[in-house]
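Position one of the sequence shown corresponds to residue 1 (full-length UniProt numbering), numbered consecutively onward. Data first, discussion second: the structure below is written as structure tokens.
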Amino acid sequence: MAVDDGSPGDGAGLAESVAALGRFVVSEQSLSESLMRVAELSLRAVYGADGAGVTWVEKGEPTTVTAAGDFVRRIDEIQYALDEGPCLEAHATQQVVTVDDLRLERRWPRFTPAALDYGLRGVVAAPLAVRGTRLGALNIYALQEGLLDEAAAATATLFAEHAAVVLANAEAFSRAKSEAVTLGHALTSRAVIDMAKGIVMARRHCGSQEAFDHLRQLSQDQNRKLRDVAQDLVDEVAGETGHRADPAAG
1 MAVDDGSPGD GAGLAESVAA LGRFVVSEQS LSESLMRVAE LSLRAVYGAD
51 GAGVTWVEKG EPTTVTAAGD FVRRIDEIQY ALDEGPCLEA HATQQVVTVD
101 DLRLERRWPR FTPAALDYGL RGVVAAPLAV RGTRLGALNI YALQEGLLDE
151 AAAATATLFA EHAAVVLANA EAFSRAKSEA VTLGHALTSR AVIDMAKGIV
201 MARRHCGSQE AFDHLRQLSQ DQNRKLRDVA QDLVDEVAGE TGHRADPAAG
């Protein structure tokens, strides 16, 4: 049964969903949570929708976050497996794809019969893109023919334009957060190695390069990461002095 509570063309579902997008705070959600929220809101935005999902394309590989469970996910997976279908076409052409009665569709000779077997009858797939950067596609599905018409396509397109901005921001925030964590780990590793070098220099009365070469040789001999060898040495000295060294303390 279709989710939208409004009537065709009243715009209430779209207005409410776009307003909800406007209140979205990407820093409080993971990218996957943002994708799920967009899929859920699109169900409310488009009259006649029985299921909705977001095809997210990363490094050329499409994946799906759904709001309607196995039904939507399975339809999308059929498209990915066959490399044809409305959501892939919307992403590739950057044009909205509308099918009001899948029984009459001839564009995707392998996808169409498979999707019909799952009860699919109508589709609207709208591209998700921001300033020329292609993110994926918003997929709206109906189990009854004749509901996803040109008006539904216009609604889905407008919602997708707003959703793409939210998702682009969510992806940028997620990427920045991941890079910050990676940098933090790298800086911590560098600090541990520098501390271990200082210990070796003091023990062997040698210079910085010789101390580093010594640590690297230990790493190779033990078949362990340089950072782990350095950490053991730092922990050893910390144990001798009764203090645990904290490389992050600077």
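The C-beta atom is built at its ideal place from N, Cα and C for all residues, glycine as well.
Asked: Element boundaries [beta strand (DSSP E), containing Pro-127]; Found: 122 to 130
Asked: Opening and closing residue of the beta strand (DSSP E) in which Val-57 lies; Found: 51 to 58
Asked: Per DSSP, cross-strand counterpart(s) of Pro-62; Found: Val-57
Asked: Cross-strand partners of Leu-138 (DSSP beta bridge); Found: Val-54 and Ala-126
Asked: Which listed residue (Leu-82, Asp-50 and Gly-207) has its alpha carbon closest to that of Phe-71; Found: Asp-50
Asked: Start and end residues, alpha helix (DSSP H) containing Val-38; Found: 31 to 45
Asked: Val-192 in three-state terms, based on DSSP; Found: helix
Asked: Bounding residues of the alpha helix (DSSP H) (the contiguous stretch that carries Val-72); Found: 70 to 82
Asked: Contact the segment 139 to 155 vs the segment 36 to 54: 3+ CB pairs below 8 Å; Found: yes
Asked: Under 8 Å between C-beta atoms of Glu-84 and Trp-108; Found: yes
Asked: Simplified DSSP assignment, three categories, for Val-234; Found: helix
Asked: Any 3 or more C-beta pairs closer than 8 Å across the segment 188 to 202 and the segment 152 to 170; Found: no
Asked: Proximity winner among Leu-14, Leu-35 and Gln-222, relative to Ala-170 (alpha-carbon distances); Found: Leu-35
Asked: Residues near Thr-157 by beta carbon distance below 8 Å, same chain, minus five either side; Found: Val-96 and Ala-126
Asked: Unbroken beta strand (DSSP E) run spanning Val-97, endpoints; Found: 97 to 99
Asked: Beta-carbon proximity check, Ala-160 vs Leu-120, cutoff 8 Å; Found: no
Asked: Nearest-angstrom Cα separation, counted from Ala-52 out to Arg-175; Found: 26 Å
Asked: Integer Cβ distance of Val-124 from Ala-153, believed to fall under 8 Å; Found: 5 Å
Asked: Beta-bridge pairing of Thr-133 - partner residues as DSSP gives them; Found: Val-130
Asked: Span separating the alpha-carbon of Gln-79 from that of Phe-111; Found: 6 Å
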